[in-house]
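Contents: one structure, followed by commentary.
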Amino acid sequence: MELFNENSKLASVIHKDHSLLPVINRLGVKLGFGDRTIREICEAEGIDANFFVEIINVFHYEGYFPEKKLLGLSVASVIDYLKKTHRYYIQYLFPETDRLMQLFLQSCGGQCPENELVRKFYDKFRNECVLHFQTEEVEEFPYILELNEVVGKGEGKSRFFEKYGDFSLRNFEEEHINIDDKIFDLENIIIMYLPPNYDQNVGNTLLANLFQFAKDLKNHSRIEDLILLPKVQQLEDILHQNG
28 MELFNENSKL ASVIHKDHSL LPVINRLGVK LGFGDRTIRE ICEAEGIDAN
78 FFVEIINVFH YEGYFPEKKL LGLSVASVID YLKKTHRYYI QYLFPETDRL
128 MQLFLQSCGG QCPENELVRK FYDKFRNECV LHFQTEEVEE FPYILELNEV
178 VGKGEGKSRF FEKYGDFSLR NFEEEHINID DKIFDLENII IMYLPPNYDQ
228 NVGNTLLANL FQFAKDLKNH SRIEDLILLP KVQQLEDILH QNG
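Just add 27 to the spot in the sequence shown (first one is 1) and you have the working numbering.
Put into structure tokens, the structure is as follows:
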């Protein structure tokens, strides 16, 4: 699998893997960048080119995980990217999936008792995702940023312990596995168990949307589980060793 670097022309990157388009947008780059390289674009936009390259490679190739390089990424940059991803899901991807799901269910001819099951399953998946994102942004991300600041400065530990007590992020990964399982189950319900009296073209478009959503969610979880969580665990260990 070819990996990208700072000298890669971004237009060529997109032609090789168009699924990176929303990732590139979330990293702060909009279309219309001409024939410039990643380095040239990042310098012009004030973006950390190393962070940009590592993130697109993580999304591009599932087997890519140079632990030392990824663990060297800025905690603040990782969290900023994750928050932008949450906004992308809530403001665009979920509304688009809602629209396609409605079109698909409405396309069923005759009696369609399965519609209610599919709708309830999808709504549960959607609500659990949104709740998970809210929990991360309200409880977990502020904790991580404060933890990083306290360890980095070497001061404010007493106030931090008083505020957070024994709070930890050791259950982070399990929540992501549950979300990944639910979208997989939703795909299988549509593929395997619905009768063939739905519009197949609309169904194919909905499934393509769900497959892309699932891939994005999986890679989003990889960034949290394989980059952010190990960094947090390192910071927690340092804090408690010196506490």
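C-beta: ideal position from N, C-alpha, C; glycine also.
Computed from a predicted model, the values in this text were never measured in an experiment.
Minimum C-alpha distance to residue i - residue among the options
i: isoleucine 210; options: Ser185, Lys242, Gly230, Lys180; result: Lys242
i: isoleucine 171; options: Phe194, Pro122, Phe31; result: Phe194
i: proline 223; options: Glu141, Val102, Ser46; result: Glu141
i: isoleucine 82; options: Tyr116, Gly61, Ser46, Arg63; result: Ser46
i: lysine 147; options: Leu109, Gln129, Leu233, Arg114; result: Gln129
i: phenylalanine 131; options: Gln268, Gln161, Glu251, Asp226; result: Asp226
i: asparagine 127; options: Leu253, Thr232, Ile250; result: In the sequence on display, residue 127 carries leucine and not asparagine. For leucine 127, the nearest C-alpha among the options comes from Thr232.
i: asparagine 77; options: Asn32, Phe168, Asp107, Asn52; result: Asn32
i: glycine 61; options: Ala38, Glu263, Ser101; result: Ala38
i: tyrosine 108; options: Ile51, Cys156, Gly137; result: Ile51
For residue i, the first and last residue of its enclosing alpha helix (DSSP H)
i: glutamine 239; result: 227-249
i: serine 35; result: That residue, serine 35, is in no alpha helix (DSSP H); it is neither H nor E in DSSP.
i: histidine 87; result: 76-87
i: tyrosine 115; result: 102-115
i: methionine 128; result: 121-133
i: phenylalanine 94; result: The sequence given here places glutamate at residue 94; phenylalanine does not occur at that position. Counting along the chain, the alpha helix (DSSP H) containing glutamate 94 begins and ends at 94-98.
i: cysteine 69; result: 65-72
i: valine 27; result: Look at the range of the chain in this structure, 28 to 270, and you will see that residue 27 is not part of it.
Whole-angstrom C-beta distance between residue j and residue i, which should lie under 8 Å
i: valine 91; j: leucine 30; result: For clarity, residue 91 is tyrosine in the given sequence; the question names valine instead. So it is a contact: roughly 7 Å between Cβ atoms.
i: leucine 196; j: glutamate 214; result: Between glutamate 214 and leucine 196 the Cβ distance is about 29 Å, and since that is not below 8 Å, they are no contact.
i: glycine 55; j: isoleucine 74; result: 5 Å
i: asparagine 175; j: valine 102; result: 5 Å
Beta carbon proximity, residue i to chain D, threshold 7 Å
i: phenylalanine 148; result: The chain labelled as chain D is not found in the depicted structure, where only one protein chain is given.
Contacts around residue i, its chain only, beta-carbon distance under 8 Å, and the 5 residues preceding and following it disregarded
i: isoleucine 218; result: Leu234
i: aspartate 207; result: Ala241, Leu244, Lys245, Ser248
i: histidine 113; result: Phe160, Glu163, Glu164
i: glutamate 72; result: Gly55, Val56
Own chain, CB closer than 6 Å to residue i, minus 5 neighbours either side, in chain order
i: methionine 28; result: Tyr88
i: cysteine 69; result: Ala76, Phe79
Sequence-distant residues of the same chain with beta carbon closer than 7 Å to residue i, five excluded per side
i: serine 104; result: Asp75, Phe78
i: phenylalanine 152; result: Lys209, Ile210, Leu213
i: serine 35; result: Thr64, Ile65
i: glycine 230; result: Phe131, Ile217
Alpha helix (DSSP H) runs wholly inside the stretch 149-227, at least 4 long, in chain order:
Runs of the alpha helix (DSSP H) lying entirely within the stretch 149-227 and spanning at least 4 residues, in chain order: 168-180, 184-191, 199-215.
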